[in-house]
Structure formats: structure tokens, C-alpha cells
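Enquirer:
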Amino acid sequence: MSGGSLLAYARHAAGLTQDALARLAGTSQPTLSAYERGTKSPSLAVAERIIEAAGHRLEVVPNLEFVEVPGQHGLHPFWLANQLWRLDPERAFSTVLLPGPDHHWPAPRRPYYLRDRTDRARAYELILREGSPRDLLDHIDGALLVDIWRELDLPDPIRRAWQPLIHKTLPTRRRPRATGAGSERPPGALIRLRPSERARHLRLGKDEHEDRPSS
Numbered sequence: 001m002s003g004g005s006l007l008a009y010a011r012h013a014a015g016l017t018q019d020a021l022a023r024l025a026g027t028s029q030p031t032l033s034a035y036e037r038g039t040k041s042p043s044l045a046v047a048e049r050i051i052e053a054a055g056h057r058l059e060v061v062p063n064l065e066f067v068e069v070p071g072q073h074g075l076h077p078f079w080l081a082n083q084l085w086r087l088d089p090e091r092a093f094s095t096v097l098l099p100g101p102d103h104h105w106p107a108p109r110r111p112y113y114l115r116d117r118t119d120r121a122r123a124y125e126l127i128l129r130e131g132s133p134r135d136l137l138d139h140i141d142g143a144l145l146v147d148i149w150r151e152l153d154l155p156d157p158i159r160r161a162w163q164p165l166i167h168k169t170l171p172t173r174r175r176p177r178a179t180g181a182g183s184e185r186p187p188g189a190l191i192r193l194r195p196s197e198r199a200r201h202l203r204l205g206k207d208e209h210e211d212r213p214s215s
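Under the UniProt record's numbering, the first residue of the sequence shown is numbered 1, with each subsequent residue one higher.
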């Protein structure tokens, strides 16, 4: 997406006219129009100011890419992303009619209520098997995919292909901390305490030292 297209997208998403956004951003309507048409290029600071005036923000994020995985074991090719993505809540929990009019999927057309966990699972299964990158980006939310991953009935090749990405997203399990005798923190472990705990620990240690009779 070009810089001008990005400004136009932010303005349309905010429901603003060029004149209204120009006034909010401290520029003129002809200048904003030139930015959006691409006949004039704003500096990064100006572009950021205009986008923030439209209620959005610029972010630096890794490129999201898809690769088509060849079919195997009787399964047709399918698409795999290099990272997960998020949808707006309104879209993530919307009602979608699948397959769409341009799809040629071997499934009956019906509405899927993505706010319903079971219906969302059935829709995600269908999209992961049959969908294009655009279908995945339109209807699948990365966090919700991770949440219902174990509940999805997917062909083994698709599950194996997506599993590393799902696994990378999940938090790493930590070994349980030992309790009982010998589990007290040594002085050298103070760096692992939260600031409030550290201050309390140091204060207690100081009091004990002051109360200890001198030899």
C-alpha cells in the first residue's frame, strides 16, 4: 500500500472528509488531496500526524507472507502463513456466509456465526482447507485460532504445517518452583524479586541485622 493509499484508507476508516481531516491534522485540503493522489509526498512526521488525526497509528511490523504448500496424501495444495495476525473484534466475531459466490469449495453454503465457538471451529476448518490467503486474512483471527487449535478437525498435512506456528505462539511452560525446606531465596536471588518484594526483603534483612546482638 502506497503512502497516499494509506492516508486515504485511514481517512475513510474514520469516516472523515478531506477537509475535516486536514483541519484536524493542521494542514490544508488541497495538500491532503495531493498526498492521497500521490502527486506530493509527505514526510514521515507529517504522515504520522495525519494518520493519528484519523484515529490510527503507524506501526513497524514484520511482513506477513503466505506460501502454497503442495498437496500430499490425496490433499490438494493449501496456504500457510509465516506468522499469525489479528482481526478487529467486530470482524472476528461476525457472521459470514461460506463458501462465498466466488468460491468453488466442496461444502454446502451456510452462515457461520464466528461468535459461537463451535461454529467458529467449523468455519476455521473449512477456510484452512480450502481458503486463499485473502480468505484467511478476512475471517481467521490468530489468537482465536490458537485458542481452538486442539478442537479443529484438520487433515494431518495441514495440522503438521501450522503446528510450529501455533506452538511458537503459546507461552513456554516453566518448571514448578520447589517448596519446603531449603527453598528459601539466597541473597543472590534478590534480582529476581519484584521491586516491592525486593524492598521488603531488604528492609527485613536490615532489621534482623540491627536486632542481632554484637559479639
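Built from N, CA and C at the ideal position, the CB exists for glycine as well. As the structure is a prediction and not an experimental result, all values here were calculated from the model.
1. In the structure shown, what three-state DSSP assignment does Val146 receive?
2. Compute the distance between the beta-carbons of Arg134 and Leu154, then report whether it is under 9 Å.
3. Just grab the DSSP bridge partners of Pro42 for me.
4. Checking contacts by CB at 9 Å: is Ala8 closer than that to chain B?
5. In chain order, what residues of the same chain lie with their CB nearer than 6 Å to the CB of Ala81, ignoring the 5 residues before and after it?
6. So, are the CB atoms of Leu32 and Ala22 less than 9 Å apart?
7. I need the DSSP call for Arg37, collapsed to helix, strand or coil.
8. Which class does Pro106 belong to by DSSP, given the choice of helix, strand or coil?
9. Mapping the DSSP letters down to three states, classify Thr95 as helix, strand or coil.
10. Taking 8 Å as the threshold, find out whether the region 50 to 57 comes into contact with the region 12 to 20 through three or more Cβ pairs.
11. Name the DSSP bridge partner or partners of Val67?
12. Can you have a look at Ala141 and say buried or exposed, based on whether 16 or more other CB atoms are within 10 angstroms of its CB?
13. Cα-Cα, which of Ser94, Pro70, Leu137 and Ala143 is closest to Ile158?
14. Indicate the three-state DSSP secondary structure (helix, strand or coil) for Pro30 in the structure shown.
15. Can you tell me where the alpha helix (DSSP H) with Ile127 in it begins and where it stops?
Expert: With the structure as the only source:
1. Along the sequence shown, read from residue 1 onward, the residue named residue 146 stands at position 146. Helix at Val146.
2. Position 134 of the sequence shown, counted from the first residue, corresponds to residue 134. Position 154 of the sequence shown, counted from the first residue, corresponds to residue 154. With respect to Leu154, Arg134 sits apart: the two C-beta atoms are not nearer than 9 Å.
3. Translated into positions along the sequence shown, residue 42 becomes position 42. None; Pro42 has no bridge partner.
4. Structure shown: chain B not included; a single protein chain is present.
5. Taking the first residue of the sequence shown as 1, we reach residue 81 at position 81. The answer, listed in chain order, is Phe66.
6. As a working note, residue 32 is residue 32 in the sequence shown. As a working note, residue 22 is residue 22 in the sequence shown. The answer is yes: Cβ separation under 9 Å.
7. Stepping through the sequence shown from its first residue, residue 37 is reached at position 37. Helix.
8. Along the sequence shown, one-based indexing puts residue 106 at 106. Correct three-state label for Pro106: coil.
9. In the sequence shown, residue 95 corresponds to position 95, counting from 1. Strand, per DSSP.
10. Note that the region 50 to 57 touches the region 12 to 20; at least 3 beta-carbon pairs, one per stretch, sit closer than 8 Å.
11. Locating residue 67 in the sequence shown gives position 67, where the first residue counts as 1. The partner list for Val67 (beta bridge, DSSP) reads Leu80.
12. Working through the sequence shown from its first residue, we reach residue 141 at position 141. According to the sequence displayed, residue 141 carries Asp and not Ala. Label assigned to Asp141: buried.
13. To locate residue 158, count along the sequence shown from 1; it is residue 158. The residue with the shortest Cα to Cα distance from Ile158 is Pro70.
14. Indexing the sequence shown from 1 puts residue 30 at position 30. Note: Pro30 maps to helix in three-state DSSP.
15. Numbered from 1 along the sequence shown, position 127 holds the residue referred to as residue 127. Counting along the chain, the alpha helix (DSSP H) containing Ile127 begins and ends at Arg117 to Glu130.
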